[in-house]
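Numbering (the numbering used here), first residue to last: 1154 to 1296.
Report on the structure given below.
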Amino acid sequence: MSKKETPQTEAPAPVAENNEKALDNSISVKSKKSGNEITFEKNFGSSLKEAVELFGEEIVLTNFRAQVTIKVQSAVRSVLDKGGTLEAAATTAAEWKPGVVRRSGAPKKNPVQEVLAGVAAGTVDPNELRELLAKLEAEQAAG
């Protein structure tokens, strides 16, 4: 396969009822090691009922539990990382509820372009930029 191909592994995404936007079943994967990237379609179902029909209740439930565990851990970790108290972390854990997850589809930001845009806009100090570039050059020379 070339660096970026889009094989079709499942039928196209089903259209949701009531003229709602169909679920996006496209998944992209990029290997940092090889640089290869692939986008493919995978049908996980367009409703809870359909997901259970496709994979079974136990699989749907265990995957749900695994993902919400990660999400609540992240929310609590965020409180702790910001220096929050254990009480604040416990409150966050107790009050946390899963929400609807939507993929934005927005392209990932290039940090170099962001810094250059900041310099152009005057929001990044050129002296700090020079120091950063000197540090990066030193690291690359040592590397």
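Cβ coordinates follow ideal geometry from the N, Cα and C atoms, glycine included.
Sequence-distant residues of its chain with Cβ nearer than 6 Å to residue i (five each side left out)
i	result
Lys1183	Glu1190
Glu1206	none
Below-8 Å beta-carbon distance, residue i vs any chain B residue
i	result
Leu1201	Reference to chain B is not applicable here, since this structure consists of a single protein chain.
Status (buried if at least 16 other CB within 10 Å, exposed otherwise) for residue i
i	result
Val1229	buried
Rounded Cβ spacing between residue i and residue j (contact assumed at less than 8 Å)
i	j	result
Leu1285	Val1272	Contact doesn't hold; Cβ gap of about 11 Å is too wide.
Val1213	Ala1204	5 Å
Val1225	Ala1242	About 11 Å separates the two Cβ atoms, so there is no contact after all.
Ser1199	Thr1192	Contact flag wrong, Cβ pair sits at about 20 Å.
For residue i, the residue or residues it bridges with in DSSP
i	result
Glu1194	Ser1179
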